[in-house]
Amino acid sequence: MPTPADGRAPLRTGAPLRTGAPPRTETSGPGQAEDSAIIQASLHEPERFAELFNRHAAVLHRYVVRRLGPDQAEDVVVETFTRAFEKRHKYAFDRPDALPWLYGITTNVIGSHRRAEVRGYRALARTGEDPVAVAFDEQVAARVSAAAIRKPLAAALARLGRDQRDVLLLIAWGDLSYEETARALGVPVGTVRSRLSRARRKIAHALGGENPTDMIEEV
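Per my numbering, the sequence shown starts with residue -19, numbered consecutively.
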């Protein structure tokens, strides 16, 4: 990996990222610096940025696996943190939690793989088998039969527009609130709500009225 001397993010990626991480991580605990403080410190001590990677990389990796499958996930996460490092001077330092910001960058990186994402959903719709489906099974197991909805759900996700799919999956799989999703995407909260509402209606229609996204926490 590049070193701080060449102006790139000093990230440690020697060990595989664990996809079994919880859906959210704490911004800081007792004796730990807030994300914003780490980013600010990294302006003068670039090696400090590795702390942000170590804190949030696993949860972002899990999210990317859900959207693109495991093959591309690590590269997407590394690219996310490389871009974040390069843009760190623009971070809003009054925001202690950097995870919504990182999710926004991740979403942009995923955008360059948009066709691959849609192809994956279409393949799942045809066969009913795809690594991405495993993550969704975890979300809906207590509510509906994943085996029954897997194909129509994947087909519905493939048909969603980019904006609606990004909002839906940041909330359902990224576990972001409406406000955090708005911050990640750089849009008003009202826009997030309207996009989510439209996406839910389309998913519900595809599932014959059974809407697994109802489990999304209302905020």
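The beta carbon of each residue, even a glycine, is placed where N, CA and C say it ideally should be.
- Inter-segment contact for the segment 146 to 166 and the segment 32 to 50 is present: three or more beta-carbon pairs are separated by less than 8 Å.
- In this structure the segment 65 to 75 lies against the segment 19 to 26, because at least three pairs of beta carbons, one per stretch, are closer than 8 Å.
- K70: not part of any alpha helix (DSSP H); DSSP gives it neither H nor E.
- In this structure G84 does not touch G141 by the C-beta definition: roughly 18 Å separates them, more than the 8 Å allowed.
- The beta carbon of L82 is closer than 7 Å to those of H36, L40, T60, A64 in its chain, skipping five residues each way along the sequence.
- For Q20, the secondary structure class from DSSP, reduced to helix, strand or coil, is helix.
- Around the beta carbon of E25, fewer than 16 other beta carbons lie within 10 angstroms, which makes this residue exposed.
- Here Q52 carries a coil assignment [DSSP, helix/strand/coil].
- Contact annotation: L133 and A186 have beta-carbon atoms nearer than 8 Å.
- Around the beta carbon of A72, a 10 Å sphere encloses fewer than 16 other beta carbons of the protein chains shown; the residue is thus reported as exposed.
- The C-beta of Q144 has 16 or more other C-beta atoms within 10 Å across all chains shown, which makes the residue buried.
- Y43 is positioned such that its CB atom lies closer than 8 Å to that of G154.
- Put simply, of R139, P168, A78 the residue whose alpha carbon is nearest the alpha carbon of G100 is R139.
- Leaving aside the five residues that flank L137 on each side, the residues in its chain whose CB is nearer than 7 Å to its CB run, in chain order, Y101, R145.
- Rounded to the nearest angstrom, the gap between the Cα atoms of T87 and R173 is 18 Å.
- Taking C-beta separations shorter than 7 Å and ignoring five residues to either side along the sequence, the partners of V169 in its chain run Y158, E159, A162, following chain order.
- Taking C-beta separations shorter than 8 Å and ignoring five residues to either side along the sequence, the partners of A179 in its chain run L140, Q144, R145, V147, L148, T193, following chain order.
- Taking every protein chain shown into account, the CB of D74 has fewer than 16 other CB atoms within 10 angstroms, so this residue is exposed.
- When the Cα atoms are used, I90 and V56 turn out to be separated by approximately 7 Å.
- Ranked by Cα distance from E14, the first of A78, S177, K182 is A78.
- F33 is the residue among A38, A53, F33, D51 whose C-alpha sits nearest the C-alpha of T62.
- Check the Cα spacing between A96 and each of V58, P76, A53, T171: the tightest is with A53.
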